[in-house]
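**Q** Encoded as structure tokens, here's the structure I'll be asking about.
Residue numbers (our numbering): 1146 to 1343.
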């Protein structure tokens, strides 16, 4: 009788503790996914296969990888005009906050054309989007990073929702390339003291 009662207690205990254990593990599993997987609403529009896919981009250095992603075509044009392709491709363990085409579209055409024609100014803007270290998602919560341009940019947010300089949203983050971590953003970042995109 005692053995039967003990068996019932063990079964009831297992029935209650197993779901609780799973529930407690779920947030940790989600956090691990965010730390290792790309996240954000725009990730769904990245090509599913080929060189421009997330798996394809991981094989190439960052400037080459970006050239295969249709959403980054304006950025790639700007990088080529600034002569930064080799600089970015040869850098080690960097982070690129990459403005998508929509980010460049927010800039008045006349202003954008003027910037694209001024190599020094363009280089200053583009290198402000690059941090000389790999930045993980858990560092974005309340981050401050020195860029290759030498000014600082800040990040804020939590979970899978982050902003850069309180203005640009990360729309597809934690994208891996052969030498960089990429966070695709929806607004152009301007170094302190330069014009804004508004």
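Backbone N, C-alpha and C define an ideal beta-carbon position, used for all residues, glycine too.
Measure the C-alpha to C-alpha separation of residue 1317 and residue 1230 and round it to an integer number of angstroms.
**A** As a first step, residue 1317 must be located in the chain shown, where it is residue number 172. As a first step, residue 1230 must be located in the chain shown, where it is residue number 85. When rounded, the distance between both Cα atoms is 22 Å.
**Q** In whole angstroms, give me the CA-to-CA distance for residue 1254 and residue 1265.
**A** Walking along the chain shown from the start, residue 1254 turns up at place 109. Walking along the chain shown from the start, residue 1265 turns up at place 120. Spanning the two alpha carbons is a distance of roughly 19 Å.
**Q** Tell me the rounded alpha-carbon separation between residue 1256 and residue 1188.
**A** Mapped onto the chain shown, residue 1256 falls at position 111. Mapped onto the chain shown, residue 1188 falls at position 43. One C-alpha to the other measures close to 29 Å.
**Q** With 16 other CB atoms within 10 Å as the buried threshold, where does residue 1311 fall?
**A** For the purposes of this step, residue 1311 is taken as the residue at position 166 of the chain shown. So residue 1311 ends up on the exposed side.
**Q** Compute the distance between the beta-carbons of residue 1234 and residue 1262, then report whether it is under 8 Å.
**A** Looking up residue 1234 in the chain shown gives position 89. Looking up residue 1262 in the chain shown gives position 117. No, they are not a contact pair.
**Q** Between which two residues does the alpha helix (DSSP H) carrying residue 1257 extend?
**A** Mapped onto the chain shown, residue 1257 falls at position 112. Looking at the DSSP string, the run of the alpha helix (DSSP H) that includes residue 1257 is 1254-1261.
**Q** State the CB to CB distance for the pair residue 1306 and residue 1286, rounded to an integer number of angstroms; the pair is presumed to be in contact (CB under 8 Å).
**A** Counted from its first residue, the chain shown places residue 1306 at position 161. Counted from its first residue, the chain shown places residue 1286 at position 141. That belief does not hold up - the Cβ atoms of residue 1306 and residue 1286 are roughly 11 Å apart, past 8 Å.
**Q** Between which residues of its own chain and residue 1293 is the CB-CB distance below 7 Å, once the five residues before and five after are set aside?
**A** Your numbering for residue 1293 matches position 148 in the chain shown. Result list for residue 1293: 1272, 1275 and 1277, in chain order.
**Q** Go to residue 1314, then tell me how far its alpha helix (DSSP H) extends in each direction, as first and last residue.
**A** Start at 1 with the first residue of the chain shown, and residue 1314 comes out as number 169. Note, residue 1314: premise wrong, no alpha helix (DSSP H); beta strand (DSSP E) at 1313-1321.
**Q** What span of residues does the beta strand (DSSP E) with residue 1297 cover, start to end?
**A** For the purposes of this step, residue 1297 is taken as residue 152 along the chain shown, with counting starting at 1. Where residue 1297 is concerned, the enclosing beta strand (DSSP E) stretches over 1297-1303.
**Q** Does DSSP classify residue 1236 as helix, strand or coil?
**A** One-based indexing of the chain shown puts residue 1236 at position 91. Coil.
**Q** Of the choices 1290, 1296 and 1319, whose alpha-carbon is the least far from that of residue 1202?
**A** Taking the chain shown and counting its residues from 1, one reaches residue 1202 at position 57. The shortest Cα separation from residue 1202 among 1290, 1296 and 1319 belongs to 1319.
**Q** Use the C-beta contact count for residue 1185: other C-beta atoms within 10 angstroms, 16 or more gives buried, fewer gives exposed.
**A** Translated into the one-based positions of the chain shown, residue 1185 becomes position 40. It counts as buried.
**Q** Give me the Cβ distance between residue 1251 and residue 1333, rounded to the nearest whole Å; I'm assuming they're in contact under 8 Å.
**A** Locating residue 1251 in the chain shown gives position 106, where the first residue counts as 1. Locating residue 1333 in the chain shown gives position 188, where the first residue counts as 1. About 7 Å; that satisfies the 8 Å criterion.
**Q** Is the beta carbon of residue 1223 closer than 8 Å to that of residue 1243?
**A** Counting from one through the chain shown, the residue named residue 1243 turns up at place 98. Counting from one through the chain shown, the residue named residue 1223 turns up at place 78. Result no, Cβ atoms of residue 1243 and residue 1223 do not sit closer than 8 Å.
**Q** Residue 1329 bridges to which residues according to DSSP?
**A** For the purposes of this step, residue 1329 is identified with residue 184 of the chain shown, where counting begins at 1. Bridge partners of residue 1329: 1243 and 1317.
**Q** In three-state terms, what does DSSP make of residue 1198?
**A** Sequence index remark: in the chain shown, residue 1198 carries index 53 (1-based). If DSSP states are grouped into helix, strand and coil, residue 1198 belongs with coil.
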